[in-house]
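Chemist: When we follow our numbering, the leftmost residue of the sequence shown carries the number 1396, and every step to the right adds one.
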Amino acid sequence: NILIRASIKKGNDLLVDQLLRDMYSQRLKPDAVTYGSFIYGLCKEGKISVALQLRDQMVENGITPSIAIYNTILEAMFKRGKFWDICLLLKEMALDGCEPNAVSVEILNRAMSKGWMKGFPRAAKLLEFVMCGNCEKETSCSNKKLID
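1) Would you mind listing the beta strand (DSSP E) stretches within the region 1403-1468 that are 3+ residues and don't spill past its ends, in chain order?
2) Looking at A1446: is its Cβ nearer than 7 angstroms to the Cβ of I1462?
3) What is the C-beta distance between L1484 and L1469, in whole angstroms, given that I count them as a contact (C-beta under 8 angstroms)?
4) Could you check what DSSP says for N1504 in three-state terms: helix, strand or coil?
5) Quick one, are the C-beta atoms of S1576 and I1397 less than 7 angstroms apart?
6) Taking only three categories from DSSP, how would you classify E1487?
7) Does DSSP put C1482 in a helix, a strand or coil?
8) Rounding to the nearest angstrom, what Cα-Cα distance links P1425 and L1415 in this structure?
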């Protein structure tokens, strides 16, 4: 993990990739914690697209990203004002069966409190689907309060 953080801080994405390849060549399979460390470091450095590629690689290698990994990426997107990307990631999460938790909802609440929803009416509908996809109009849903 020390090598992971050092390579990310140096901005050396190739070294990150090399570390993963070296692990595989030595028959060391990165687990969710290892991938999480990579993704956390990349997000902290603002390298969201690289973090998303790594998340995809993680899935290809049979490891399901946890809600903590998704929240790390959501937080990085929020800090960089990438509201539409947040909505797309939430949709992917829903399709993968990964439901937002309290941390996810808090990130979304902060995004909405900044007024980002006003410029994205279609995204607001997408967000409503993701957060309340299983809610009936007559039923109460705690997530519905965030959208209304």
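Yeah, the Cβ is synthetic: ideal placement off N, Cα and C, and Gly gets one too. Please read these numbers as outputs of a predicted model, since none were measured by experiment.
Modeler: So, from the listed chains and residues:
1) If you keep only unbroken beta strand (DSSP E) runs of at least 3 residues inside the region 1403-1468, you get nothing at all.
2) Their beta carbons are not under 7 angstroms apart, which means A1446 does not touch I1462 by this criterion.
3) Right, the Cβ-Cβ distance comes to about 6 angstroms (below 8 angstroms), so this counts as a contact.
4) In this structure, N1504 counts as helix in the three-state DSSP scheme.
5) Residue numbering for the chain in the displayed model covers 1396 to 1543; residue 1576 lies beyond these limits and cannot be assessed.
6) Look at E1487 here: in three-state DSSP terms it is helix.
7) Per DSSP, reduced to three states, the secondary structure at C1482 is helical.
8) Roughly 7 angstroms between the two C-alpha positions.
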